[in-house]
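Its first residue numbered 3, the sequence shown is counted upward by one per residue in my numbering.
Yeah, the Cβ is synthetic: ideal placement off N, Cα and C, and Gly gets one too.
In what follows, a single structure is set out as structure tokens and then discussed.
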Amino acid sequence: MKNLFVQYYNSNPYYKFIPFLIIYLLICVLFAPPIFVLDEKRYIDYGHELLRGFYSYPAPNIRLWSGRGYSALIVAPLLWLNLPLMAIRLVNGVLMYLSLVLVYKSIRTYSSAKSATIFTVILGLYYPVYEKLPNTETECFTWFLISLISYLFIKNFKERKLDWKWIWLCGFAIAYLAMTK
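Here's what the structure looks like:
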């Protein structure tokens, strides 16, 4: 039974990288700034604007300084649910964890499980990511979208036939990345 559990644990990347999810969530909780820093206020304001039914103020006060993709998909729904700011910050930890899983699956397509694990762990320990984790900013979401796009490209070309489902999903992710950044 123990061997079966270890084998399943090692073959399933969602379980394999759970320690990173825990680390990322702890960083989000322990190092969250008490006030808005950098662009956080802007993304929260964008989320509130979307909930009020407009994308930007009318002319001449148009504010399209940065993309609204993050605010539309992550911030606005959580604000609509009246969840605290910490919930939005915790989503960053989950997105980074899912990015690691997607990167592992992408690398695993062309290399051994051992090398895929090593490179994914190295990526998971990349320090600049830790700086942005507790902030309500687009970096973690962007990282996730890039990982998703890479995974979908690899998955589609690995199958040696064009599957329009993956192409459409990849196109949507690329468009959403453009809307985010």
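Around the C-beta of arginine 91, 16 or more other C-beta atoms lie within 10 Å, and the residue is accordingly described as buried. Sorting Pro21, Pro79 and Ala177 by C-alpha distance to the C-alpha of glycine 55 places Pro79 at the top. For the stretch 29 to 93, the full-length alpha helix (DSSP H) segments reaching 4 residues or more read 42 to 53 and 78 to 82 along the chain.
At a Cβ-Cβ threshold of 9 angstroms, serine 149 and serine 113 do not count as neighbours. Residue Tyr48 holds the alpha-carbon nearest to the alpha-carbon of arginine 65 among Tyr48, Leu75, Val77 and Tyr72. At least 9 angstroms separates the beta-carbon of threonine 140 from that of tyrosine 26. Looking at the backbone, the Cα of valine 123 and that of alanine 61 are separated by about 48 angstroms.
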